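One structure is given here, and the rest of the page talks about it.
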Amino acid sequence: MHAGCGLPGRRVCGAVEAPLMPHVLALFSQETMPQTSVVFSSILGPSCSGQVQPGMGERGGGAGGGSGDLIFQDGRLISGSLEALMEHLVPTVDYYPDRTYIFTFLLSSRVFMPPHDLLARVGQICVEQKQQLEAGPEKAKLKSFSAKIVQLLKEWTEAFPYDFQDEKAMAELKAITHRVTQCDEENGTVKKAIAQMTQSLLLSLAARSQLQELREKLRPPAVDKGPILKTKPPAAQKDILGVCCDPLVLAQQLTHIELDRVSSIYPEDLMQIVSHMDSLDNHRCRGDLTKTYSLEAYDNWFNCLSMLVATEVCRVVKKKHRTRMLEFFIDVARECFNIGNFNSMMAIISGMNLSPVARLKKTWSKVKTAKFDVLEHHMDPSSNFCNYRTALQGATQRSQMANSSREKIVIPVFNLFVKDIYFLHKIHTNHLPNGHINFKKFWEISRQIHEFMTWTQVECPFEKDKKIQSYLLTAPIYSEEALFVASFESEGPENHMEKDSWKTLRTTLLNRA
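Numbering (our numbering), first residue to last: -11 to 501.
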């Protein structure tokens, strides 16, 4: 079950992926088309599907019909022209958009236009409404209208502060706030609200900029290519068991790292992939790559953890100790599963299924694999990872009903989450035959992203161990070649294919020397 052919490649729960350490965006080139998750949470409430909420006011038609360029079905907004959707975003004297519509449209609009262009159009609509109010009998309601505009801008700057890092967007924001301030010059309530909003926005931008600078300074663990041959370290060299021998504690520290890394991912980062995934170049998104830095960093963490697991196993000299190491990581993966940390669990399983580890038949023969078989069952890729999705649904329901912070933890397998978003985008068109935007599609993308963001905001309840985390984040990891050298030196090649691979690898390394 665990034996590989010894060729470079990656066996993940029965499915081979190559080469080692693929970038998350490379997933988009795969042909298998998974279904999107059927787990629907109540995080956003009934309006997550575009249900019109009482007391919010409504633009457009009612159930089963449309007014202007907005189409509703059973009270749900399902499509509309871009212009009508933009107008639906802007408040009026007696209307304020539902918060979930604000989030969904602001998130999805970047597929069709940059945020600064949307801000410019919002500003134009505000001017038109302001002029109508000034010329009509409802001039006294200008202050109320201005307050609603400020509230909309406040929600925008809080949900997507990075939109305003762009100078054009900031200029448009200043232009809009200048206009609405004129509507309340007497007591300055609106002006005060704008000042508070602007201060909060600048603080958010500064904090995010500092975080990104810190992330850029953090480098992945050094890749240890090892000596030409004889990669085995001295028996006294420290390994993971010398730092932490408790599987639960290590799983908790992995959860700390996961939540820390994933907390730097924002909704617009995920939408950046969607908006540019049709223009892939060497598995990378065209456009502003700085906005996907957090995604790449998180994906690199998954790959580094997989390679660290393989390194820890392959560099052990004695078979008895390698067996213990494998059983330890199996227990760690199981504890990750119990916590709800599916991403670390998948990374650990992937590491143990890398060919240099999987081919160690003599070592695996001594391992009590019953626990590992259960883990592989949970991550079985058949039926679109049905078993994993069932476990994820259970963790999601536990999180929603949680009485403690420990029960709130849900860390999905990130690569699968991104694939779900990608195929949801790929399967469903952006525009309907009548030219309308297919807003049903964007409700669902928004719902899944919002649910993911809710999971990322959970505070880790476990005590932090800096020593363990330092080892996990900085311990040298073997290169692919070094892993195979260590693997073949532990257990020699057993078939013609492995013998040819070992001979080729030795020749390559000796010639390089």
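Where is the CB? At the ideal position from N, CA and C, for every residue including glycine.
Note that this is a predicted model, so its numbers are computed, not measured.
Asked, Found
"Inter-residue Cα distance where the pair is residue 282 and residue 445", "15 Å"
"Inter-residue Cα distance where the pair is residue 227 and residue 301", "10 Å"
"Three-way DSSP call (helix, strand, coil) for residue 253 in this model", "coil"
"Cα-Cα separation, residue 253 to residue 437", "11 Å"
"Buried/exposed call for residue 455, threshold 16 Cβ in 10 Å", "exposed"
"Burial state of residue 365, where buried means 16 or more other Cβ atoms lie within 10 Å", "exposed"
"Residue from 476, 429, 462 and 482 with nearest C-alpha to residue 93", "429"
"Where residue 426 sits in the DSSP three-state scheme", "strand"
"Cβ-based neighbour list, residue 311, same chain, cut-off 8 Å, excluding 5 preceding and 5 following", "351, 354 and 355"
"For residue 294, the first and last residue of its enclosing alpha helix (DSSP H)", "281 to 302"
"Helix, strand or coil at residue 410 [DSSP, three-state]", "helix"
"N-terminal and C-terminal residue of the alpha helix (DSSP H) that residue 230 is part of", "228 to 231"
"Beta-bridge pairing of residue 80 - partner residues as DSSP gives them", "83"
"For residue 306 and residue 507, the rounded distance between their alpha carbons", "Examination of residue 507 is not possible in this model, given that the chain is present from -11 through 501 alone."
"Reduced DSSP category for residue 372 - H, G, I as helix; E, B as strand; rest coil", "helix"
"Below-8 Å beta-carbon distance, residue 67 vs any chain B residue", "Absent from the structure is chain B; it holds one protein chain and no more."
"Sufficient close CB pairs (3 or more, under 8 Å) joining the region 231 to 250 to the region 318 to 327", "yes"
"Exposure of residue 198, with buried meaning 16 or more beta-carbon neighbours within 10 Å", "exposed"
"Sheet register partners of residue 419 (DSSP bridge)", "425"
"C-alpha gap between residue 342 and residue 100, whole angstroms", "41 Å"
"Residue 393 and residue 447 closer than 8 Å at C-beta", "yes"
"Cβ-Cβ distance between residue 75 and residue 137 below 8 Å", "no"
"One or two residues paired with residue 182 in a DSSP bridge", "Paired residues: none, contrary to the question."
"Exposed unless 16 or more other CB atoms sit within 10 angstroms - verdict on residue 19", "Only weak support exists for where residue 19 lies, its pLDDT of 38 falling under 50; the value from the coordinates is given anyway. Burial call: exposed."
"Between the CA atoms of residue 385 and residue 140 - distance to the nearest angstrom", "32 Å"
"Where the alpha helix (DSSP H) through residue 500 begins and ends", "484 to 500"
"Check whether residue 293 and residue 336 have beta carbons under 8 Å apart", "yes"
"Spatial neighbours of residue 362 in its chain, beta-carbon cut-off 8 Å, leaving aside the 5 residues before and after", "322"
"For residue 213, the three-state DSSP class (helix, strand or coil)", "Since pLDDT at residue 213 reaches only 49, below the 50 mark, its modelled position is unreliable, and no value is offered."
"Within 8 Å, strictly: CB atoms of residue 117 and residue 80", "yes"
"CB-CB length for residue 493 against residue 473, believed under 8 Å", "7 Å"
"Residues of its chain near residue 360, where Cβ-Cβ distance is below 6 Å and the 5 sequence neighbours each way are ignored", "318"
"Whole runs of the alpha helix (DSSP H) within the region 305 to 371, excluding any shorter than 4 residues", "307 to 327, 330 to 341, 343 to 346, 349 to 353 and 358 to 366"
"Buried versus exposed call for residue 243 [16 or more other C-beta atoms within 10 Å across all chains shown]", "buried"
"Within 8 Å, strictly: CB atoms of residue 150 and residue 256", "yes"
"C-beta atoms of residue 327 and residue 457 nearer than 8 Å", "no"
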